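Undergrad: Quick one: structure below, then a few questions.
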Amino acid sequence: MLIIFKELTKQFEQSLLDSLEKNDKKGEFEILRKNLITQSSKEEFGDYQCNVCLSLSKIYKKNPRDISNDFINLLNKNISISKLCKSLEIAGPGFINIKLKDEVLINEIKSNIQCNRAGIPLIRKDLDSGLSNKVIVDFSSPNIAKEMHVGHLRSTIIGDSISRIFELRGYEVLRLNHVGDWGTQFGMLITQLKDLYSNDLEEIGKIKISDLVEFYKESKKRFDNESEFQKRSREEVVKLQSGDIKSINAWKLLCDQSRKEFDEIYKNLKIKIEERGESFYNPFLKSVIDDLNLEKILVEDQGAKCVFLDGMTNKEGKPLPLIIQKKDGGFNYATTDLAAIRYRFNKPPNGDDASRIIYVTDHGQANHFAGVFQVAKKAKWIPENCQVDHVPFGLVQGIDGKKLKTREGETIRLKDLLNEAVRRAKEDLLKRLEDEDRYETEEFIANTSRIIGLGAVKYADLSQNRITNYQFSFDKMLSLNGNTAPYLLYTLVRILGIKRKNNFVYDSKDFQYVNYEHKSEWKLIRKLLKFDEVIISIEKDLMPNRLCNYLFELCQTFNRFYDQVPILKEEQNIKISRLNLCDLTAKTLKLSLELLGIETLERM
Ligand code: ARG
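Note that the numbering used here has the sequence shown beginning at 27, numbered continuously upward.
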């Protein structure tokens, strides 16, 4: 309903302007036009509402209901408004409830039924603005030789969904995996590697580090306890940075090993992402310092080079610095992110020419990104009309509210967590099959439980307001009732079954007769028409949980419709009208689940 909403807003603005001009108050327009029309607070009130008369009453010093009356008269004279609206009514102290004409809604629903994007508009490629339509989503980004943990899983799931939404809208999306593949920890890892496998180093690939995380722990233990090992590790960092071939090979080996483990998870979850680790920006780090120096932004503090951040203080109320070059001359996480931000906005060949960068990490990095963004702005590395967003999310907790752990108290490995979800989904499915006395092939069982299990994990994550912590519960996420993936998948299966059951062939473009009378039909129509507004709001605010909430409501609305009105038993014309609504619901569900990275099923 986005187009209708925009048109309505435009016309209301015109009438508001007319009213203000008549009363000699034109100067108030800019403030009053903000949120002039909003969604109705309750469905039964109408499609939209307008509360401006309450503000006008203070300006005109008149009773708000009288003003509403006058304003409605003015609106009724506007031909475009009367074409769209069935009624404009005063409510309460002076609100205006807006109801759209049936035919306006029906025309819109007809066009969405015929649109394979369920009514989601493509962005207009505005060539004149000179701005690219490239969006970079920086997500997942685990660290080499370390565990990919549930925080990375959240980032992966949320980042993938955000990328999909931008892709659907027609943006060019660059999905970047900013893996932690550089830093002083490599000194100790390579030293350990050389100690254990000195002869094999030249032949990368021969060596199998079966458990990289254990390997990391072992090296760290030696680093902390053996001074000779520590010394060699420090020397190794210098060697690596100067490009020593043996050290580089060892580093590559470690990266390859980790990559294999990460890729397994990505493959399982069907995640597309391009690896461009921290090391990629090494050649650009020095110039970050040089340019900040030139701009006179850098300050030396206790030997380190840093920028003191405006409006950010530590616990003692002292200004917070962003350290960009350490006392020993080394660069750090922030230096790399500054080099990255500059590279990503720069034009090729040394840049990506992005117009928006979205970073998906846990909330713990909020200060880091606020600092990096502030410094990048000061250095004028974020071009005009370009945008950076940090998309923070909360922690994943066990049902006890504590850190997610295995029963034995170990941290859970992602691989095991995903396998467990699929295993439980299979258990549920087998029970259902037995109850229903149904026989299905091994292949069906494996595929269905994989889709339900992985879908449930993804959906549980996405349906939370990402800013709060969320409690991970297999039982909840796999339940067929409630705001869960299985519930949505089941509703879709139900719809697909309606047509299958009847073996009824019809052409969805068959609109000779469209007749909607039943209350639950109208509820479904209105809900379906909200889809585009939801997507556009996510594009702006990056909250995929809004899509989940919408889908949950859509499914509930559909299921009520299905319980209350007959479909297949109706005469031909009504049957077609209703089947068209079923079709659009199915299409919206399928497309949305795709946007959430969840595969769908024909049967389950
Ligand atoms: N590797 C980091 C971590 O595991 C996340 C990197 C996020 N991206 C970035 N550009 N800093 O916490």
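Virtual Cβ for every residue (Gly too), placed ideally from N, Cα, C. All values reported here derive from a predicted model rather than from experimental measurement.
If we ignore side chains and look at the alpha-carbon of each, how far apart do Ile30 and Leu515 end up?
TA: Residue 30 sits at position 4 when you count from the first residue of the sequence shown. Residue 515 sits at position 489 when you count from the first residue of the sequence shown. Distance between the alpha carbons of Ile30 and Leu515: 31 angstroms.
Undergrad: If you measure between the beta carbons of Glu304 and Thr362, is that distance less than 8 angstroms?
TA: Counting from one through the sequence shown, the residue named residue 304 turns up at place 278. Counting from one through the sequence shown, the residue named residue 362 turns up at place 336. Contact flag set, yes.
Undergrad: Using 7 angstroms as the cut-off, classify the Cβ of Ala380 as near or not near the heavy atoms of the ligand NAD, replying yes or no.
TA: As presented, the structure is devoid of the ligand NAD, carrying the ligand ARG as its sole ligands.
Undergrad: Excluding five sequence neighbours on each side, which residues of the same chain lie with their C-beta closer than 7 angstroms to the C-beta of Tyr14?
TA: No answer is possible for residue 14: the residues shown for the chain start at 27 and end at 630.
Undergrad: Three or more C-beta pairs under 8 angstroms: does that hold for the segment 281 to 301 against the segment 197 to 216?
TA: Because the criterion of three Cβ pairs below 8 angstroms is met, the segment 281 to 301 and the segment 197 to 216 touch.
Undergrad: Does the separation of the CB atoms of Tyr197 and Asn142 fall below 8 angstroms?
TA: In the sequence shown, counting from the first residue as 1, residue 197 sits at position 171. In the sequence shown, counting from the first residue as 1, residue 142 sits at position 116. No, these two residues do not count as a Cβ contact at 8 angstroms.
Undergrad: Contact defined as beta carbons within less than 8 angstroms: I believe Phe498 pairs with Gln423. What is the distance between those atoms, to the nearest angstrom?
TA: As a working mapping, residue 498 is identified with position 472 in the sequence shown. As a working mapping, residue 423 is identified with position 397 in the sequence shown. About 7 angstroms separates the two Cβ atoms, so the contact holds.
Undergrad: Using DSSP's beta-bridge definition, name the partner residues of Gln497.
TA: Indexing the sequence shown from 1 puts residue 497 at position 471. Bridge partners of Gln497: Gln423.
Undergrad: Which residues share a DSSP beta bridge with Arg201?
TA: Position 175 of the sequence shown holds residue 201. Paired residue(s): Val163.
Undergrad: Straight-line CA distance for Asp454 to Glu446?
TA: Reading the sequence shown from its first residue, position 428 is the one you call residue 454. Reading the sequence shown from its first residue, position 420 is the one you call residue 446. One C-alpha to the other measures close to 12 angstroms.
Undergrad: Assuming Phe578 contacts Asn509 under a Cβ cut-off of 8 angstroms, what Cβ separation, rounded to an integer in Å, is found between them?
TA: For the purposes of this step, residue 578 is taken as residue 552 along the sequence shown, with counting starting at 1. For the purposes of this step, residue 509 is taken as residue 483 along the sequence shown, with counting starting at 1. At roughly 4 angstroms, the Cβ-Cβ gap stays under 8 angstroms, so Phe578 and Asn509 are in contact.
Undergrad: Distance check for Leu335 and Pro347, CA to CA, integer angstroms please.
TA: Taking the sequence shown and counting its residues from 1, the one referred to as residue 347 is at position 321. Taking the sequence shown and counting its residues from 1, the one referred to as residue 335 is at position 309. Roughly 6 angstroms between the two C-alpha positions.
Undergrad: Give me the DSSP bridge partner(s) of Phe357.
TA: The residue labelled residue 357 in the question sits at position 331 within the sequence shown. In the DSSP output, where bridge partners are listed per residue, Phe357 has Gln351.
Undergrad: Going by Cα to Cα distance, which pick from Pro570, Glu625 and Val519 is closest to Phe584?
TA: Along the sequence shown, read from residue 1 onward, the residue named residue 584 stands at position 558. If we check each option's Cα against that of Phe584, Val519 comes out closest.
Undergrad: Please go through the segment 375 to 411 and give each complete alpha helix (DSSP H) segment of 4 or more residues, from N-terminal end onward.
TA: Segments of the alpha helix (DSSP H) lying fully in the segment 375 to 411: 392 to 404.
Undergrad: Please list, in chain order, all residues of the same chain as Phe241 whose beta carbon is under 6 angstroms from its beta carbon, the five residues on each side excluded.
TA: Residue 241 sits at position 215 when you count from the first residue of the sequence shown. Excluding residues within five positions, the ones whose Cβ falls inside 6 angstroms are Ile235.
Undergrad: If I measure Cβ to Cβ from Ala486 and keep anything under 6 angstroms in the same chain, skipping five residues before and after, which residues do I get?
TA: Taking the first residue of the sequence shown as position 1, residue 486 is located at position 460. The answer, listed in chain order, is Met503.
Undergrad: At the level of alpha carbons, what is the spacing between Ile478 and Gly397?
TA: To locate residue 478, count along the sequence shown from 1; it is residue 452. To locate residue 397, count along the sequence shown from 1; it is residue 371. Cα to Cα, the separation comes out at about 40 angstroms.
Undergrad: Exposed or buried, which one is Ala380 when buried takes at least 16 other CB atoms within 10 Å?
TA: For the purposes of this step, residue 380 is identified with residue 354 of the sequence shown, where counting begins at 1. With 16 or more other Cβ atoms within 10 Å, it is buried.
Undergrad: Report yes or no: do the segment 83 to 92 and the segment 117 to 132 share at least 3 C-beta pairs separated by less than 8 angstroms?
TA: At 8 angstroms Cβ cutoff, the stretches touch.
Undergrad: Going by DSSP, which residues form a beta bridge with Phe121?
TA: One-based indexing of the sequence shown puts residue 121 at position 95. In the DSSP output, where bridge partners are listed per residue, Phe121 has Ala117.
Undergrad: Please classify Lys312 as buried or exposed, where buried requires at least 16 neighbouring CB atoms within 10 angstroms.
TA: As a first step, residue 312 must be located in the sequence shown, where it is residue number 286. Result: exposed.
Undergrad: Which residue wins for smallest C-alpha separation from Arg302, given the options Arg285, Tyr74, Ala402 and Glu469?
TA: Sequence index remark: in the sequence shown, residue 302 carries index 276 (1-based). Of the listed residues, the one whose Cα sits closest to Arg302 is Arg285.
Undergrad: Does the distance from the CB of Ser489 to the CB of Cys581 come in under 8 angstroms?
TA: Working through the sequence shown from its first residue, we reach residue 489 at position 463. Working through the sequence shown from its first residue, we reach residue 581 at position 555. Not in contact: Ser489 and Cys581 (Cβ atoms no closer than 8 angstroms).
Undergrad: Would you call the CB atoms of Cys332 and Ile315 closer than 8 angstroms?
TA: Taking the sequence shown and counting its residues from 1, the one referred to as residue 332 is at position 306. Taking the sequence shown and counting its residues from 1, the one referred to as residue 315 is at position 289. Not in contact: Cys332 and Ile315 (Cβ atoms no closer than 8 angstroms).
Undergrad: With a threshold of 7 angstroms (Cβ to nearest heavy atom), would Asn169 be considered close to the ligand ARG?
TA: In the sequence shown, counting from the first residue as 1, residue 169 sits at position 143. Asn169: yes, Cβ under 7 angstroms from the ligand ARG.
Undergrad: What did DSSP end up calling Leu324 once you bin it into helix, strand or coil?
TA: Here residue 324 corresponds to residue number 298 of the sequence shown, with the count starting at 1. In this structure, Leu324 counts as coil in the three-state DSSP scheme.
Undergrad: DSSP beta-bridge partners for Pro418?
TA: Sequence index remark: in the sequence shown, residue 418 carries index 392 (1-based). Answer is Thr387, bridged to Pro418.
Undergrad: How about the segment 548 to 557 and the segment 161 to 173: do they share at least three Cβ pairs that are nearer than 8 angstroms?
TA: They do not touch, by the three-pair rule.
Undergrad: How should Pro512 be labelled, buried or exposed, when 16 other C-beta atoms within 10 angstroms of its C-beta is the threshold for buried?
TA: The sequence position of residue 512 within the sequence shown is 486, counting from 1. By the 10 Å Cβ count, Pro512 comes out buried.
Undergrad: Any heavy atom of the ligand ARG closer than 7 angstroms to the CB of Ala396?
TA: Indexing the sequence shown from 1 puts residue 396 at position 370. Incorrect: Ala396 has no Cβ contact closer than 7 angstroms to the ligand ARG.
Undergrad: Report the rounded CA-to-CA distance for Ile107 versus Ile524, giving the unit in angstroms.
TA: Here residue 107 corresponds to residue number 81 of the sequence shown, with the count starting at 1. Here residue 524 corresponds to residue number 498 of the sequence shown, with the count starting at 1. If I take the Cα positions, the gap works out to 39 angstroms.
Undergrad: Cβ of Leu369 within 7 angstroms of any heavy atom in the ligand ARG?
TA: Taking the first residue of the sequence shown as position 1, residue 369 is located at position 343. What sits at residue 369 in the sequence shown is Tyr, not Leu. No.
Undergrad: Should Gly209 be listed as close to the ligand ARG, given that the test is whether its C-beta is under 7 angstroms from any heavy atom?
TA: As a working mapping, residue 209 is identified with position 183 in the sequence shown. Not so, every heavy atom of the ligand ARG lies at least 7 angstroms from the Cβ.
Undergrad: One question on the structure: do Ile383 and Asp164 come within less than 8 angstroms of each other, judged by their Cβ atoms?
TA: Working through the sequence shown from its first residue, we reach residue 383 at position 357. Working through the sequence shown from its first residue, we reach residue 164 at position 138. Yes, they are a contact pair.
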